[in-house]
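Read through the structure below, which is laid out as structure tokens, and then see the notes.
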Amino acid sequence: MRPGAAIAALWLIWVVTWLAAALWADPAQKRITIGAEARYRVFWLAGTVLLFVPAHGYEGRLRLWTPTLAEAWACVALIAVGIGFAWWARIHLGRLWSATVTAKAEHRVVDTGPYRLVRHPIYTGLLLAVLATMVAKGTIWGIAGAALLIIGVVVKARLEEHFLRDELGPAYDDYARRVPMLVPFTPA
230 MRPGAAIAAL WLIWVVTWLA AALWADPAQK RITIGAEARY RVFWLAGTVL LFVPAHGYEG
290 RLRLWTPTLA EAWACVALIA VGIGFAWWAR IHLGRLWSAT VTAKAEHRVV DTGPYRLVRH
350 PIYTGLLLAV LATMVAKGTI WGIAGAALLI IGVVVKARLE EHFLRDELGP AYDDYARRVP
410 MLVPFTPA
């Protein structure tokens, strides 16, 4: 298998399993508006399309670098680590997980497992995987896609922060003071 095929397989497996796992989440009791969701979803859609524009055959200005075989396989490993970290967070969150910004019936601050390292470990893992995909591609499209996805993740994380502060009050404020939002081992 070549690195490009391995990258495609990892992302495909992630998408299929992520969608299938949505069946085990509890129903939402409260959610943000569709308009608020559109703010990040536009970035996610455009970023995903650009990130996954095929990279083979690009020369000249569209190709900024070509990773060596070892570098490409290192990127594959980082993508797997990022997706694995996101899955660890999702499994740890359990039935409280939601694809949208919502509150569940027994919503509470989860500050164990990967949530002791960052407040949004699913996003952290996916950002690592996105950045490694961008590096493996080496194209202007990959950089543009990664940039849009990063913007979308930050927009959604901030929406979640505001929503969770309103829903969980001082408990979430205390958690936010102790744990960084997206980058582990940085000041909160």
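Quick note, our numbering runs 229 ahead of the 1-based positions in the sequence shown.
The beta carbon of each residue, even a glycine, is placed where N, CA and C say it ideally should be.
Asked, Found
"Under 8 Å, with one C-beta from each stretch per pair, do the region 268-280 and the region 339-352 reach the 3-pair mark?", "no"
"According to DSSP, what are the bridge partners of A332?", "K259"
"Leaving aside the five residues before and after V339 along the sequence, list all residues of the same chain whose C-beta is less than 8 Å from its C-beta, in chain order.", "H321, L322, L325"
"Would you call the region 388-400 and the region 258-273 in contact, with 3 or more CB pairs under 8 Å?", "yes"
"Can you give the Cα-Cα distance for V244 and L298, rounded to whole angstroms?", "25 Å"
"Quick one: complete alpha helix (DSSP H) runs, 4+ long, within the region 244-327?", "263-280, 298-322"
"Under 8 Å by Cβ, that's how I've got P413 and T353 pegged, so tell me the actual separation to the nearest angstrom.", "7 Å"
"May I ask you to verify whether the region 231-239 touches the region 367-383, counting CB pairs closer than 8 Å and requiring at least 3?", "no"
"If we require 3 or more residues per run, which beta strand (DSSP E) segments fall completely within the region 325-408?", "331-333"
"Quick check: what's the CA-CA separation for V382 versus A303?", "24 Å"
"Going by Cα to Cα distance, which pick from V305, A267, T341 is closest to M363?", "V305"
"Between W317 and G342, how many whole angstroms is the CB-CB distance? I'm expecting something under 8 Å.", "7 Å"
"Evaluate D365 with the Cβ neighbour count: other Cβ atoms within 10 Å of its Cβ, from every protein chain shown; 16 or more gives buried, anything less gives exposed.", "Looking at the sequence provided, one finds Ala at residue 365 rather than Asp. Buried, since its Cβ has 16 or more Cβ neighbours within 10 Å."
"Using CA atoms only, rank isn't needed, just tell me which of A267, R268, L397 is closest to R337.", "L397"
"Starting from the C-beta of R290, find all residues in its chain whose C-beta is less than 8 Å away, skip the five residues before and the five after it, and write them out in chain order.", "I369"
"Expressed to the nearest angstrom, what Euclidean distance is found between the alpha-carbon atoms of L377 and L248?", "22 Å"
"Use the C-beta contact count for I312: other C-beta atoms within 10 angstroms, 16 or more gives buried, fewer gives exposed.", "buried"
"In angstroms, rounded to a whole number, what distance separates the CA positions of V282 and E266?", "25 Å"
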